[in-house]
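Comments concern the structure below.
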Amino acid sequence: MSRSNEKQRPPQAPRLTRSAVVAAGILAFSGCAYHPHNVDVSLQPELPHTTSSTFNDTLYEFGLMSEIYGAPKVHIMARDIFDNTGSSVATSAEIPRDVTEMLKSTLNAIGGQVVYIPYDPEFMLNSANTGYSGFQSKLLPDVVVSGGITEFDRGLETRGKNTDLSLAGKLDGNALGAEFSDANKYSVASITLDFNLVDFETLAGVPRMQAVNSVKVHKASAENAIGFSIVGNSIGFQGTVKKVQGRHAAVRMLVHASMIQLLGKYLKLPYWRLVPGAKRDPVVIGQMTERFYTMTQAERIKAMQEYLVLNGHPLPITARLDAATKQALASFSATHMEATGRVDLATYLALYESVDISPATLAKRRMLKGMRVTGNGAHTAISEDGLLRLTTDAASYRIGDKIQLAVEVAKPLYVKIYNISSTGEVWELLPGKGEQAMLLTPGKSYTVPPQSAGYVLEVVGPAGEDRVVALATSVPLEELPVAANEAGLPDEVLARFDTRVDMRIAIR
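Numbered by my numbering, the letters in the sequence shown go through residues 1 to 508 in order.
Structure representation (structure tokens):
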């Protein structure tokens, strides 16, 4: 047996060669028909859309509020509003240089009792010179809005976070590696706008009528990357994203919020009810407190009666603390802890701050307009939805007195009026005997009986408390059967009408 000096080589594990990887890559790309020259990107077309902010709906509600609360009409003009910090130039228009058009569109969007008056001397002068327009019917502003962007602080807070991970090893003698990285960056900036009201007649500032509001805008970026290496061959993926809250959109939102606050103060409106997270404005509360203490007792009762009607408690406006008013105050105070049920400041402010802002409440306010409290105690009642108003020429009558009714509607309605005596007897007052229900239209007061009727309504016995019930519907009705009973009108009669007013009258 012979010896060999040659050492036996151990078996080697199979290796993935560089040429094999390249070949596999070529096959993969060829199979997918991929070529760098064929790269493409698709763009998603978008239709034009309405620009809006958080306060778009609030502007409309504020205009509605100005009408519901019976605020006086205000004509308002806007001065040019610019960036007073100079940052718009230094930052290549990161914030807008001119905010005037934003302010104009905001004022015009409110509506209600707010009327926007443009300021364009050149246009007005040219119109007058060409004879296109005179100045006889032009409106003069009551107040002027002045202001500007007063602060733009960039980088109030900047934070960054990074995470890096690197792993290396071998598998069957082959070198392997993996890497991961994550980076995040976050920064905050602040924008502030100042606005003031100037009296147009005196060109003096209106005391305490200013709004100074700020908004924080954020900017953030993130980057993720992951990579793998096998025997010197590597593949990696990387993604980045950067998001910036729009500075121009933030300025528009500031303008919206500031106008709600500024005009809310000027018109003495509880505007904070429309702004999420807002607190009671001490300026407005102070104005309402001063108004309460300067009113007489009768004026206080009348104002509270109107607020009760707007809050859904239909009752006559008598300027007297009668039984109906006491009952309505007690009912309101039962659901509002701050109210005391008495004619005092706490109840007055509770009523003031709880009026529902809706078209139905606006209909009630329009019914209240023009309502007068006469010396003989005229009686007026309004339906809960504000569509129907019934008025008598007195709150109480003696047997033999003549009585006249007036009815008004907020939209076209067919109306029937019944009188229910204290004993349950029912008489139909409108329409008259043999007549069909007439369609009543808004803007007109209909008397019962009409002056051309040739007859009068006379109060008959017995003494007690009569009811006058007005029922209205938007569809024509045939003559309804009415049967007297202790409850007054039958349910099947009431069910056929959309709205009603139930008034009680004392018969002596």
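Here a beta-carbon is modelled for each residue, glycine too, at the ideal position from N, C-alpha and C.
Please list, in chain order, all residues of the same chain as residue 341 whose beta carbon is under 7 Å from its beta carbon, the five residues on each side excluded. Position 341 of the sequence shown holds residue 341. Sequence-distant Cβ neighbours of residue 341 in its own chain, meaning closer than 7 Å and more than five residues away, are 329, 330, 333, 347.
Going by the CB atoms, is the gap between residue 156 and residue 209 shorter than 8 Å? On the sequence shown, residue 209 is found 209 positions in, with the first residue counted as 1. On the sequence shown, residue 156 is found 156 positions in, with the first residue counted as 1. For residue 209 and residue 156, no; Cβs fall outside 8 Å.
Assign residue 279 to one of three DSSP states: helix, strand, or coil. Residue numbering aside, residue 279 sits at position 279 when the sequence shown is read from its first letter. Here residue 279 sits in coil by DSSP.
Short of 6 Å in beta carbon distance, which residues of its chain neighbour residue 322, apart from the five on each side in sequence? Order them along the chain. Walking along the sequence shown from the start, residue 322 turns up at place 322. Hits under 6 Å: none found.
Quick check on this structure: which residue in 456, 255, 203, 166 has the alpha carbon closest to the alpha carbon of residue 54? By one-based count along the sequence shown, residue 54 stands at place 54. Nearest C-alpha to residue 54: 255.
Determine the burial state of residue 410: buried for a count of at least 16 other Cβ atoms within 10 Å of its Cβ, exposed for fewer. As a first step, residue 410 is located in the sequence shown; it is residue number 410 there, counting from the start. Buried: at least 16 other Cβ atoms inside 10 Å.
Which residue wins for smallest C-alpha separation from residue 467, given the options 61, 77, 154, 418? Reading the sequence shown from its first residue, position 467 is the one you call residue 467. When only C-alpha atoms are compared, the closest one is 418.
Host alpha helix (DSSP H) of residue 399 (start-end): Locating residue 399 in the sequence shown gives position 399, counting from the first residue. Element bounds for residue 399: n/a, residue is neither H nor E.
Alpha-carbon to alpha-carbon, residue 398 and residue 387: For the purposes of this step, residue 387 is taken as the residue at position 387 of the sequence shown. For the purposes of this step, residue 398 is taken as the residue at position 398 of the sequence shown. So the alpha carbons of these two residues sit roughly 30 Å apart.
Under 8 Å, Cβ to Cβ, is there at least one residue of chain D near residue 259? No chain D appears in the structure shown, which is made up of a single protein chain.
Quick one: what's got a C-beta closer than 6 Å to residue 223's C-beta in the same chain, skipping five residues either side? Residue 223 sits at position 223 when you count from the first residue of the sequence shown. Here the set comprises 183, 240.
Where does residue 195 land, buried or exposed, given buried means 16+ other C-beta within 10 angstroms? Translated into positions along the sequence shown, residue 195 becomes position 195. Buried, by the Cβ-count rule.
How far does the alpha helix (DSSP H) with residue 67 in it extend, from its first residue to its last? Residue mapping note: residue 67 aligns to position 67 of the sequence shown, counting from 1. It spans 56 to 68 - the alpha helix (DSSP H) in which residue 67 sits, taken as one unbroken run.
Check whether the region 76 to 86 and the region 275 to 292 are in contact - that is, three or more C-beta pairs closer than 8 Å. Cβ pair count under 8 Å is below three, so no.
Inspect the beta-carbon positions of residue 506 and residue 396 and report whether they are closer than 8 Å. Here residue 506 is taken as the residue at index 506 of the sequence shown, counted from 1. Here residue 396 is taken as the residue at index 396 of the sequence shown, counted from 1. Result yes, Cβ atoms of residue 506 and residue 396 sit closer than 8 Å.
Between the Cα of residue 420 and those of 413, 414, 429, spot the shortest distance and give me the residue it belongs to. Taking the sequence shown and counting its residues from 1, one reaches residue 420 at position 420. Ranked by Cα distance from residue 420, the first of 413, 414, 429 is 429.
Taking only three categories from DSSP, how would you classify residue 174? For the purposes of this step, residue 174 is taken as the residue at position 174 of the sequence shown. Note: residue 174 maps to strand in three-state DSSP.
Have a look at 392, 407, 369, 79 and flag the residue whose alpha-carbon is nearest the alpha-carbon of residue 203. Here residue 203 refers to the residue found at position 203 of the sequence shown. Looking at the Cα atoms, 79 is the closest of the given residues.
Under 8 Å, do residue 143 and residue 198 count as touching if we go by C-beta distance? To locate residue 143, count along the sequence shown from 1; it is residue 143. To locate residue 198, count along the sequence shown from 1; it is residue 198. Annotated as proximal: residue 143 and residue 198, with beta-carbon spacing under 8 Å.
Between residue 99 and the rest of its own chain, which residues show a CB-CB distance below 8 Å, the 5 nearest in sequence each way excluded? On the sequence shown, position 99 is the one that residue 99 refers to. So the qualifying residues of the chain are 81, 82, 83, 148, 149, 193, 251, 255.
Reduced DSSP secondary structure (H/G/I, E/B, other) of residue 229: Here the question's residue 229 lines up with position 229 in the sequence shown. For residue 229, the three-state secondary structure derived from DSSP is strand.
Could you pull out every residue in the same chain whose Cβ sits closer than 8 Å to the Cβ of residue 3, ignoring the five residues on either side in sequence? Against the sequence shown, residue 3 aligns to sequence position 3. Per-residue confidence for residue 3 stands at a pLDDT of 49, beneath the threshold of 50, marking its modelled position as unreliable; no derived number is given.
Does the Cβ of residue 303 have 16 or more other Cβ atoms within 10 Å, making it buried, or fewer, making it exposed? On the sequence shown, residue 303 is found 303 positions in, with the first residue counted as 1. Residue 303 should be labelled buried.
Enclosing beta strand (DSSP E) for residue 416 [first to last residue]: Working through the sequence shown from its first residue, we reach residue 416 at position 416. Where residue 416 is concerned, the enclosing beta strand (DSSP E) stretches over 413 to 420.
Can you list, in chain order, the residues of its chain with a C-beta nearer than 6 Å to that of residue 97? Leave out the 5 residues immediately preceding and following it. Residue numbering aside, residue 97 sits at position 97 when the sequence shown is read from its first letter. If we look at residue 97 and ignore the five residues flanking it on each side, its Cβ neighbours are 83, 88.
Helix, strand or coil: how does DSSP classify residue 357 here? Within the sequence shown, numbered from 1, the residue matching residue 357 stands at position 357. Three-state result, residue 357: coil.
Using the Cα positions of residue 483 and residue 425, report the straight-line distance between them to the nearest angstrom. Looking up residue 483 in the sequence shown gives position 483. Looking up residue 425 in the sequence shown gives position 425. With a pLDDT of only 45 at residue 483, under the threshold of 50, the placement of this residue in the model should not be trusted; the figure read from the coordinates follows. C-alpha separation (whole angstroms): 9 Å.
Count Cβ pairs between the region 54 to 71 and the region 106 to 114 that sit closer than 8 Å; are there 3 or more? The region 54 to 71 makes contact with the region 106 to 114, as at least three CB pairs between them are under 8 Å.
Could you check the C-alpha separation between residue 56 and residue 382 for me, to the nearest Å? Residue 56 sits at position 56 when you count from the first residue of the sequence shown. Residue 382 sits at position 382 when you count from the first residue of the sequence shown. So the alpha carbons of these two residues sit roughly 32 Å apart.
Please state the DSSP three-state secondary structure of residue 451. Locating residue 451 in the sequence shown gives position 451, counting from the first residue. Residue 451 falls in the coil class under three-state DSSP.
Among 444, 248, 412, which one has its Cα closest to the Cα of residue 498? To locate residue 498, count along the sequence shown from 1; it is residue 498. Nearest C-alpha to residue 498: 412.
Provide the residue span of the beta strand (DSSP E) that contains residue 95, from first to last. As a first step, residue 95 must be located in the sequence shown, where it is residue number 95. That residue, residue 95, is in no beta strand (DSSP E); it is neither H nor E in DSSP.
Residues that DSSP places opposite residue 237 in a beta bridge: To locate residue 237, count along the sequence shown from 1; it is residue 237. Beta-bridge pairing links residue 237 to 226.
Given a threshold of 16 other Cβ atoms within 10 Å of its Cβ, counted over all protein chains shown, does residue 258 qualify as buried or as exposed? Sequence index remark: in the sequence shown, residue 258 carries index 258 (1-based). By the beta-carbon neighbour count (other beta carbons within 10 angstroms, threshold 16), residue 258 is buried.
Taking C-alpha atoms, which residue in 43, 61, 179 lies nearest to residue 356? Residue 356 sits at position 356 when you count from the first residue of the sequence shown. Relative to the Cα of residue 356, the nearest Cα in the group 43, 61, 179 belongs to 61.
Please classify residue 337 as buried or exposed, where buried requires at least 16 other C-beta atoms within 10 Å of its C-beta. The residue you call residue 337 lines up with position 337 of the sequence shown. With fewer than 16 Cβ atoms within 10 Å of its Cβ, residue 337 is classed as exposed.
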